[in-house]
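If you're matching positions, the sequence shown starts at 73 in the numbering used here and goes up one per residue.
Yeah, the Cβ is synthetic: ideal placement off N, Cα and C, and Gly gets one too.
Since the model is a prediction, treat every value here as computed from it, not as a measurement.
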Amino acid sequence: MTACIELAKRLGKAIADSPQAAAYRAARDGLNAQPDIRQVLTDYQEQVAKVSQLEAENKPVEVEDKQKLRDLNDKLISSEVFKKFTAAQVEYIDVMRKVNDALRAELVETEG
Numbered sequence: 073m074t075a076c077i078e079l080a081k082r083l084g085k086a087i088a089d090s091p092q093a094a095a096y097r098a099a100r101d102g103l104n105a106q107p108d109i110r111q112v113l114t115d116y117q118e119q120v121a122k123v124s125q126l127e128a129e130n131k132p133v134e135v136e137d138k139q140k141l142r143d144l145n146d147k148l149i150s151s152e153v154f155k156k157f158t159a160a161q162v163e164y165i166d167v168m169r170k171v172n173d174a175l176r177a178e179l180v181e182t183e184g
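The structure is reproduced here in structure tokens:
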């Protein structure tokens, strides 16, 4: 078991040292350095949660709520900082997906 844990630590370090992880950290830092865009993202996430909750409760979603969501989305997608963050996030998630797929492929006989 110790060998497995040691390999997992090495894998974690390799992922953390990857260009994708470095780009993601830099993009996240860039986003966090822009409080106005960060606030738009927070507002967007809150509005998504509000609309989702209304839909889950089969309540009507007001036109104003839809418009606010659309406006916040437009502000986000027009931001270069947010675009860079999203692109870096996608690349990092893709690496993690590939790592998980590789692990699963090796464990398929064990896990059935």
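*Hey, L148 and I109: beta-carbon distance below 9 Å or not?*
Taking a C-beta distance under 9 Å as the contact criterion, L148 and I109 qualify as a contact pair.
*Examine the ligand NAD and report whether any of its heavy atoms sits within less than 8 Å of the Cβ of I149.*
As presented, the structure is devoid of all ligands, the ligand NAD included, so that no description of it is given.
*Verify whether the separation of the beta carbon atoms of Q119 and V153 is less than 9 Å.*
no
*Should the segment 97–104 be called in touch with the segment 168–175, which here means at least 3 C-beta pairs below 8 Å?*
no
_Residue nearest to Q158 in terms of C-alpha spacing, selected from E134, Q139 and L113_ = First, the amino acid is wrong: residue 158 is Thr here, not Gln. Checking every option, the nearest Cα to that of T158 belongs to L113.
_Contact set for N145: own chain, Cβ-Cβ below 8 Å, skip 5 residues either direction_ = Y116
*Any idea if A177 is buried or exposed, counting beta-carbon neighbours within 10 angstroms, 16 or more meaning buried?*
The C-beta of A177 has fewer than 16 other C-beta atoms within 10 Å across all chains shown, which makes the residue exposed.
*Pull up the distance between the alpha-carbon of Q161 and that of T74, whole angstroms please.*
32 Å
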